[in-house]
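S.K.:
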Amino acid sequence: MKNWLIAIAVAAVYLLFSVFTGLWAISWIIWVFYAVYRIADYIKSQQ
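Under our numbering, the first residue of the sequence shown carries the number -19, and numbering increases by one thereafter.
In structure tokens:
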């Protein structure tokens, strides 16, 4: 459940950032940070 909440929060932040700033081209950086977080979380859970 925690993963779903984090994913929804990240999507909401992405959407709000993109709509209010109009910077759709660089807002992909948010997804890069989310991917790094998910990879780190996965590695941590495997140890």
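All C-beta atoms in this analysis are idealised placements derived from N, C-alpha and C, irrespective of residue type, glycine included.
#1: Taking VAL(-1) and TYR14 to be in contact with their CB atoms under 8 Å, please state how far apart those CB atoms are, rounded to whole angstroms.
#2: Apart from the five residues on each side of it in sequence, which residues of its chain come closer than 8 Å, Cβ to Cβ, to ILE10?
#3: Grab the span of the alpha helix (DSSP H) containing TRP33 for me, first residue to last.
#4: For the alpha helix (DSSP H) holding ILE6, just list the boundary residues, first then last.
#5: Could you have a look at GLN27 and say whether DSSP puts it in helix, strand or coil?
M.R.: Looking at the coordinates:
#1: Position 19 of the sequence shown, counted from the start, is the residue given in the question as residue -1. Position 34 of the sequence shown, counted from the start, is the residue given in the question as residue 14. At roughly 18 Å, the Cβ-Cβ gap does not stay under 8 Å, so VAL(-1) and TYR14 are not in contact.
#2: Numbered from its first residue, the sequence shown carries residue 10 at position 30. These residues qualify, in order along the chain: VAL(-10), VAL(-7), TYR(-6), PHE(-3).
#3: Residue 33 is absent from the model: the chain starts at -19 and stops at 27.
#4: If you number the sequence shown from 1, residue 6 lands on position 26. It is not in any alpha helix (DSSP H) - ILE6 carries neither H nor E in the DSSP assignment.
#5: Position 47 of the sequence shown, counted from the first residue, corresponds to residue 27. Coil at GLN27, not helix or strand.
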